[in-house]
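Participant: Structure provided below as structure tokens; questions to follow.
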Amino acid sequence: MTASARVFDPQAQVKAAWELSRKLIKAYETMRKIGAIEVGAAAKELVFEYDKIKLYHYQPEAPVTCRVPVVIAYALVNRPYMLDLQPDRSFIRRLLQQGLDVYAIDWGYPARADKYLSLDDYLNVFLNDGVDFIRASTKHDAINLMGICQGGTFSTIYAALHPQKIKNLITIVTPVDFSTNDGLLFRWSKSMNVDAMVDIYGLIPGDVLSAGYLMLRPFMKISKYIEVLDVMDDREKLENFLRMEQWILDSPAHAGECYRQFVKALYQQNKLVEGGLVVGEQQVDIKKITMPLLNIYASDDHIVPPSASIPLNGLVGSADKELYSFKGGHIGVFVSAKSQRELAPAIANWLHQRAN
Amino acid sequence: MEKIADFYQEWLNAPTKIMKNWMEAGENRRQAFQEPETTKKAHDLHDTWMDMSHSWASSMREVFDNMMNTLPRGVGRETLANIFSSAETYVKLFEFWLPIYKSLQEKTFDPASYQRLLDPSQYQEVLDKVFDFVSPGAAKELYDQAIKYLEAVTPFAQSFSTQLADLAQSGARMYAGMLTGDLGETLKVYENILDAYKRNLNPMFKLPALEKFREHVELALNMLRKYPAFMVRYAKYQSLMHATGQKTMEKVMAQFAQKMKDQAATPSYDEFFKIWAEMNEQAYNELFSAEAFATLQNEVHNAGLEIKRDFQSLTELALAPYPVVLRSEMDELYKTIHDLKKRVHDLEKEKKQ
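Line by line, the protein sequences are chains A and X. Take 6 as the starting number for the first sequence in my numbering and just add one per residue. Take 123 as the starting number for the second sequence in my numbering and just add one per residue.
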């Protein structure tokens, strides 16, 4: 609605309101025609599966120059195709084009029968089986592990539990020090009655988790949907928007026991930093991470604030460790043009230097 | 195809009618603005415009709901629902922008004069939309369901329908009372009715044939007793959110007034909307960052979970006599399957090694 005359002009107001109605009609018409939204641009093959967990191997897009494969562990709360949304916004394709041999774990969609899955199951069964499969099939004693967001925390814990299996560790927008109050999720989780939540829900529904994320920026959400009304005629822009929407809406449920442990031991008790974290029957000692570490955080991340990620470098036992600051937000790390242009090559370069 | 064509026609007709009314109201408003007018007249015109806007929203909502049914489930449908919901907020906020025009035209714009035109209850509707607050209707629904449940499972509950109806009524009154800040009094009334109801039921349970229903009724009453605990916190939560919104609106006005001074052209509604969204985002972020907010939010959440827990228990009780597998029984089964899977996995791994 643009009405900038100094004198009140009812015609202009009516026209503006009418215009909004027209845009909404156009939005309906476009959504009706647009059909299903395709995500995923890189070719991949399912090479291993156990229960609902799938391990994919991406087909090379350039000669593989870094012989040690890298496996990506994404968060449980969203789907990993954020890393491979479309041909020109695919973090995974950029890694492949840089000569990396890329695998990725898909945690799947837990159902009610999976409510008892614990951190032990995710780390010592699912992730461990995936890593062992790659080690065996590529004949490498140790492989590269790249963890993202919550998947980064998983990867950090895993690397501490099984250091002999990991050659290089890369963490991206990964929460490690949960004592921070910089991010709202960190503040809110501290006084949360997670026992009641898990006991009652069993399986934490995806929309309950999403509601928490959406609450972080409620007004920007409205602005976003008003602004998109102006791109209804631009199919390419609209499809890009819808791919991102698809990812936001596609929020799997969280296995209750794993959620309970993650919130209590990490968000509330900060045991990864303070000590005392037990997974299965093993104590997690972060100092046992001695392999090279590349820790990437986003300077404007409102979901995992830098203060939750940066301390990792001071906690590990690695001599070779690097902190990389990416100027952008939590999602921009993977989908922005800058990420495609700079971050993926920087990671590939770092791994190449540590391939032997 | 015919159906789709009808929908289009409906889409186009509904807003057209409303636009016609708006045109008339707008013309009246323009004339009023050109003449010296009283504050009352400005109020009346503003109210007329608000009514028009409400018509637009409800009419579009009705048509929109019909059209949504023609879209397959998926990202397009979800996105469209979000777009429409945001458009409703955008239009609703527009109602508050309109009085500014008067001040613009008369060059008398200042935040204080705007405050006189701002109706807090109307603005609450904008905030309720943004935060998707539960309407009082949801409270009634809970009572209705609890009453239906008791009537269905206990052979004598119908004879207490008067008390149950009173309970439902008091629940609705309580909700309204809480929103106006009269928490203590409304809670007292509610508790009294609940206690009286329980006292009346007690003699019935002494009859052996009815003893088995005691657990149902006690659980249902227990759940209804927890409801005020939830509502007290929820009302406090809403009130905090509303207060932040109102206060931020004052700041938006002050910033907008400054913008008016600094630039020659009158800022557009879109500029106003942008300032409003940005300032609110910041204000709510500050609110959300406060320890007290986190505590309150968790209290609301926990109180809601307690009700959900009782509902689950009630459902199990109601289904127990029937040949169906209960949720708790399935959970036991899931636990066994989980443990067995783990054991098989470990044995296989051991065998391989």
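Quick reminder that beta carbons are idealized off the backbone N, C-alpha and C, glycines included.
Compute the distance between the beta-carbons of V181 (chain A) and P316 (chain A), then report whether it is under 8 angstroms.
Facilitator: yes
Participant: Of all the options A:Y55, A:D255, A:L174 and A:D93, which has the alpha carbon lying nearest to the alpha carbon of M296 (chain A)?
Facilitator: A:L174
Participant: Name the two residues that bound the continuous beta strand (DSSP E) containing A109 (chain A).
Facilitator: Unbroken beta strand (DSSP E) run through A109 (chain A): V107 to D111.
Participant: Return yes when the Cβ of Q103 (chain A) is within less than 8 angstroms of the Cβ of A349 (chain A), no when it is not.
Facilitator: yes
Participant: Within the chosen definition, does the segment 57-64 of chain A reach the segment 103-114 of chain A through at least 3 CB pairs nearer than 8 angstroms?
Facilitator: yes
Participant: For a contact defined as C-beta to C-beta under 7 angstroms, what are the partners of M189 (chain X) on chain A?
Facilitator: Y33
Participant: With 9 angstroms as the limit, tell me which residues of the segment 192-213 of chain X have their beta carbon closer than that to any beta carbon of chain A; keep them in chain order.
Facilitator: Along the segment 192-213 of chain X, the positions whose C-beta sits under 9 angstroms from a C-beta of chain A are T192, L193, P194, G196, V197, G198, R199, E200, T201, L202, N204, I205, F206, S207, S208, A209, T211, Y212 and V213, read in chain order.
Participant: Is the shortest distance between the beta-carbon of Q266 (chain A) and the beta-carbons of chain X less than 8 angstroms?
Facilitator: no
Participant: Please confirm whether Q368 (chain X) has its beta-carbon closer than 8 angstroms to some beta-carbon of chain A.
Facilitator: no
Participant: What's the call for I301 (chain A), buried or exposed, on a 16-neighbour Cβ count within 10 Å?
Facilitator: buried
Participant: Which of the three DSSP states is assigned to T176 (chain A) in this structure?
Facilitator: strand
Participant: First and last residue of the alpha helix (DSSP H) that includes K358 (chain X)?
Facilitator: Taken as a continuous stretch (DSSP letters only), the alpha helix (DSSP H) holding K358 (chain X) covers R336 to D384.
Participant: Within 8 angstroms (strictly less), CB to CB, does R240 (chain A) reach chain X?
Facilitator: no
Participant: Between the segment 412-433 of chain X and chain A, which residues of the former have a C-beta closer than 7 angstroms to a C-beta of the latter?
Facilitator: Residues passing the 7 angstroms Cβ filter: A416, T417, Q419, N420, N424, L427, K430 and R431.
Participant: In this structure, does DSSP put N149 (chain A) in helix, strand or coil?
Facilitator: strand
Participant: Would you mind working out which of A:G285, A:D93, A:V278 and A:N186 sits nearest I291 (chain A), comparing C-alpha positions?
Facilitator: Nearest option by C-alpha distance: A:V278.
Participant: Give the residues of chain X in contact with G207 (chain A), contact being defined as C-beta atoms less than 9 angstroms apart.
Facilitator: R449, D453 and Y456
Participant: In the DSSP output, which residue or residues are listed as bridge partners for Y61 (chain A)?
Facilitator: A:L51 and A:A109
Participant: Using three-state DSSP, classify I315 (chain A) as helix, strand or coil.
Facilitator: coil
Participant: Hey, quick one: how far does the alpha helix (DSSP H) through N245 (chain A) stretch, first residue to last?
Facilitator: Residues R240 to L254.
Participant: Just by C-beta distance, which residues in the segment 32-51 of chain A are closer than 7 angstroms to chain X?
Facilitator: A32, Y33, M36, R37, I39, A41 and I42
Participant: What would DSSP say about K144 (chain A), mapped onto helix, strand or coil?
Facilitator: coil
Participant: Is it buried or exposed, T437 (chain X), if we count other Cβ atoms within 10 angstroms and call 16 or more buried?
Facilitator: Looking at its Cβ environment, which holds fewer than 16 other Cβ atoms inside 10 Å, T437 (chain X) is exposed.
Participant: Which residue from A:P310, A:E347 and A:L356 puts its Cα closest to that of D325 (chain A)?
Facilitator: A:L356
Participant: Quick test of the definition: if touching needs 3 or more C-beta pairs under 8 angstroms, does the segment 231-248 of chain A touch the segment 258-277 of chain A?
Facilitator: no
Participant: Quick one: give me the first and last residue of the beta strand (DSSP E) that D89 (chain A) is part of.
Facilitator: D89 to Q91
Participant: Answer yes or no: do I416 (chain X) and R192 (chain A) have a C-beta to C-beta separation smaller than 8 angstroms?
Facilitator: Reading off the sequence, residue 416 (chain X) comes out as Ala, not Ile. Contact flag set, yes.
Participant: Any residues in the segment 219-233 of chain A with a beta carbon nearer than 7 angstroms to a beta carbon of chain X? Which ones, in chain order?
Facilitator: Residues of the segment 219-233 of chain A with a Cβ closer than 7 angstroms to any Cβ of chain X, in chain order: R222, P223, F224, M225, I227, S228, Y230, I231 and V233.
Participant: Can you give the beta carbon distance from S194 (chain A) to Q273 (chain A), rounded, assuming they're within the 8 angstroms contact cut?
Facilitator: The Cβ separation is near 7 angstroms, so the contact holds.
Participant: What is the residue span of the alpha helix (DSSP H) that N300 (chain A) lies within?
Facilitator: Per DSSP, N300 (chain A) belongs to no alpha helix (DSSP H); it is in the beta strand (DSSP E), L298 to A303.
Participant: So what's T161 (chain X) in DSSP terms, helix, strand or just coil?
Facilitator: At T161 (chain X) the pLDDT is 46, less than 50, meaning the model places this residue with poor confidence; the figure from the coordinates comes in the next sentence. Three-state result, T161 (chain X): helix.
Participant: Which chain A residues are close to V248 (chain X), counting only those with a beta carbon under 9 angstroms from its beta carbon?
Facilitator: By Cβ distance, chain A contributes nothing, its closest Cβ being about 10 angstroms from V248 (chain X), past 9 angstroms.
Participant: Just to confirm, are A313 (chain A) and T185 (chain A) a CB contact at a threshold of 8 angstroms?
Facilitator: yes
Participant: Would DSSP call A399 (chain X) helix, strand or coil?
Facilitator: helix
Participant: Of all the CB atoms in chain X, is at least one closer than 8 angstroms to the CB of E250 (chain A)?
Facilitator: yes
Participant: So does the segment 321-335 of chain A actually touch the segment 21-36 of chain A, counting three or more Cβ pairs closer than 8 angstroms?
Facilitator: Output reads no: the segment 21-36 of chain A does not touch the segment 321-335 of chain A.
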